[in-house]
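A short write-up of the structure that comes next.
Numbering (the numbering used here), first residue to last: 599 to 917.
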């Protein structure tokens, strides 16, 4: 009989085979009628295949019980072999096969659900199991996944302080880029297709489909990536400027205006629209965001632009 025919064995036949298998392992003298069992086997060629399936399933279950540290039924004085397996088999052959599949699959696929952290006006510090921490910036979202908390996704901004662990590769996704950490302190700012990565300590590796090759960043360096403009610029950064948003300062070196405007909204509560022709204009300098309106006017003056609109709906314009 081929495997396709074996898979089509009736549930009732599999249940009979399960019953015979349980009785065959019962040590009581009157538990098994061997003559009747022989007659059953000879009544239909498929009975032999059904019985073999039950025997293989039972052996597999015992193996997985041992792997999971679950004692066998005959190791418990209060549970007889008949009760231990009989209660399991009575649901029928198909239920047994499904249960076995669940037992085998569970250790492989059962994983904790991703943890999602979101902030509004204030920042929030997130402690990881290995002693690392993340300071999530205002109006940002961080997703942490994986048994070792080794997969993250950031929308907005965050300062990462990651403990060195050679056995773990931490990957952070931000705006189409993947940042692989080796144990370091670094800041990530992301808005739409613009990403800025600044390294205070250690080193990271940045990769992505939009990059020709991975980029290694060490302490004192940063990457500004603009998918719309198709640029990835590596430049020196001051250690004191990395994560300076915590102190009310935003420092930039050749950053796209789209990213600067997003930072002003996130850290200063100022909304400003940047039209498409200006989104890729570059800004270098420091803005103090204690007073958001003043920071915006400083940006306009430094960029030789004009501020249109009104409070709550500002827009940048060419002079």
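C-beta atoms are modelled at their ideal positions from N, C-alpha and C, and glycine is treated no differently.
None of these values were measured; they are calculated from a predicted model.
Residues near residue i in its chain [Cβ-Cβ closer than 6 Å; skip 5 each side]
i	result
residue 650	none
residue 648	607, 611, 612, 615
residue 652	615, 616, 619
residue 706	Here residue 706 scores only 45 on pLDDT, less than 50, and its place in the model is too uncertain to base an answer on.
residue 907	913
residue 717	734, 736, 738
residue 824	792, 854
residue 713	742
Cβ neighbours of residue i in the same chain (closer than 7 Å, five flanking residues each side left out)
i	result
residue 704	A caution first: residue 704 carries a pLDDT of 45, below 50, which makes its placement in the model unreliable, though a value can still be read off. Nothing meets the Cβ criterion.
residue 721	733, 734, 735, 736
residue 747	726, 727
residue 814	801, 803
residue 761	728, 729, 730, 781
residue 885	848, 893, 896, 897
residue 544	This structure cannot settle anything about residue 544, because the visible part of the chain is limited to 599 through 917.
residue 826	791, 877, 878
residue 850	858, 881, 882, 883
For residue i, three-class secondary structure by DSSP
i	result
residue 870	strand
residue 915	strand
residue 742	strand
residue 809	coil
residue 819	strand
residue 789	strand
residue 710	coil
residue 858	helix
residue 674	Legend: pLDDT at residue 674 = 44, less than 50; position of this residue unreliable, value from coordinates given subsequently. Residue 674: coil per DSSP, three-state reduction.
residue 875	helix
residue 759	strand
residue 562	Since the displayed the chain opens at 599 and closes at 917, residue 562 lies outside it and no answer follows.
residue 654	helix
residue 728	coil
residue 648	helix
residue 699	In this prediction, residue 699 has a pLDDT of 43, which is less than 50 and means its spatial position is unreliable; what the coordinates show is noted afterwards. Three-state result, residue 699: helix.
Which listed residue (the options) has its alpha carbon closest to that of residue i
i	options	result
residue 818	812, 811, 832, 810	832
residue 733	715, 856, 879, 915	715
residue 846	834, 887, 854, 877	887
residue 539	768, 891, 796	For the chain, the structure presents residues 599 to 917; residue 539 sits outside this window and is missing.
residue 876	713, 916, 811, 775	916
residue 630	621, 638, 637	621
residue 837	816, 906, 731	816
residue 792	841, 857, 751	857
residue 842	756, 626, 740	756
residue 874	640, 859, 738, 885	859
residue 773	764, 788, 910	788
residue 871	633, 835, 911, 775	911
residue 865	712, 632, 719, 633	719
residue 758	744, 743, 764, 777	777
residue 889	879, 904, 863	863
residue 743	769, 763, 754	769
residue 835	771, 820, 828, 779	820
residue 810	822, 844, 829	829
residue 711	724, 750, 868	750
Alpha helix (DSSP H) segment containing residue i, residue limits
i	result
residue 904	From DSSP, residue 904 is part of no alpha helix (DSSP H) but of the beta strand (DSSP E) over 903–908.
residue 637	632–641
residue 896	890–900
residue 613	609–622
Other residues of its chain near residue i: CB distance less than 8 Å, five sequence neighbours each side excluded
i	result
residue 766	728, 746, 748
residue 645	611, 614, 615, 638, 639
residue 900	881, 883
residue 855	872, 876, 877, 878, 879, 880, 881, 901, 914
residue 641	none
Enclosing beta strand (DSSP E) for residue i [first to last residue]
i	result
residue 752	749–753
residue 628	Note, residue 628: premise wrong, no beta strand (DSSP E); not H, not E.
residue 721	No beta strand (DSSP E) holds residue 721; DSSP gives it neither H nor E.
residue 883	880–886
residue 839	First-last for residue 839: undefined, no H or E at that position.
- Message: Assess contact between the stretch 781–789 and the stretch 803–810, defined as three or more Cβ pairs (one per stretch) separated by less than 8 Å. Is contact present?
- Response: No, the stretch 781–789 does not touch the stretch 803–810.
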